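Residue numbers (the numbering used here): -3 to 245.
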């Protein structure tokens, strides 16, 4: 049994991880520890607090007690707002507190693109525009070209968690770019496990969602990165060619 520990801020789409675990089979568990969210707001100041060192360390220690094999800070915006180096330090803190290999959703996107050898993307973000631009900057630091970026402008994670699946599907499909090799959907507050296959079928290209890459990254870090059936192209590709953003990782 492989246990990938998920650090998840507040409550919005955490049940997505139960869906992923079910699809991936009985040998994967995805225990979720909810980290403190003092304010549910897609604002940079609130997101910096959500991803602060003390908040994540407390959650990571809870994961350590659960004896997980790896840990993922499953909050894209609460990691990329720190910038590339700040997000690396954030992961280092989680790794030290949890005592296992760790990463975050922001780096999971970068590693997934590395695995798939893709570098030109469209971004369909549920966040307000100013927050979404921080994600584009994070991707640019990894050498990824963002050809287009759409912002849904939703102010809170709770609202994203209640987004109608058809509305989410339409938003992503309508914000592809003809030259993009993949469409990135970067909010872990969005339920996506059941949408990835339909989106890829309609677009005819790879779709990467936040909860999807978080699970894939955790399995990779736990040494379970072999190709397997799962939602979307990513799981079926495995993790054999990832160029890690972390030394020795």
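Glycine included, C-beta positions come from ideal geometry on N, C-alpha and C.
Since the structure is predicted, the reported quantities are computational estimates derived from the model, not experimental observations.
Buried versus exposed, by CB contacts within 10 Å (16 or more), residue i
| i | result |
| --- | --- |
| residue 172 | buried |
| residue 9 | buried |
| residue 11 | exposed |
| residue 158 | exposed |
| residue 46 | buried |
| residue -3 | exposed |
| residue 237 | exposed |
| residue 35 | exposed |
| residue 220 | buried |
| residue 197 | exposed |
| residue 99 | buried |
| residue 136 | exposed |
Proximity of residue i and residue j at Cβ, strictly below 9 Å
| i | j | result |
| --- | --- | --- |
| residue 234 | residue 223 | yes |
| residue 161 | residue 183 | no |
| residue 38 | residue 127 | yes |
| residue 225 | residue 232 | yes |
| residue 106 | residue 65 | no |
| residue 179 | residue 117 | yes |
Helix, strand or coil at residue i according to DSSP, with G and I counted as helix
| i | result |
| --- | --- |
| residue 237 | coil |
| residue 70 | coil |
| residue 197 | helix |
| residue 40 | helix |
| residue 175 | coil |
| residue 226 | coil |
| residue 101 | helix |
| residue 116 | strand |
| residue 60 | helix |
| residue 220 | coil |
| residue 106 | helix |
| residue 168 | helix |
| residue 32 | coil |
| residue 80 | helix |
| residue 244 | Confidence is the limiting factor: at residue 244 the pLDDT is only 48, short of 50, which leaves the residue's position unreliable and the question unanswerable from this model. |
| residue 156 | helix |
| residue 180 | strand |
7 Å Cβ shell around residue i - same chain, five flanking residues per side excluded
| i | result |
| --- | --- |
| residue 156 | 8, 122, 150, 183, 185 and 186 |
| residue 57 | 93 |
| residue 175 | 116 and 143 |
Same chain, Cβ closer than 6 Å to residue i, neighbours up to 5 away in sequence not counted
| i | result |
| --- | --- |
| residue 134 | 76 and 102 |
| residue 32 | 51 |
| residue 229 | 202 |
| residue 59 | 1, 29, 67 and 94 |
*Curious, which full-length beta strand (DSSP E) runs of at least 3 residues does the segment 126 to 153 contain?*
141 to 147
*Which ranges does the alpha helix (DSSP H) cover as unbroken runs of at least 4 residues, wholly within the segment 3 to 29, from first to last along the chain?*
12 to 20
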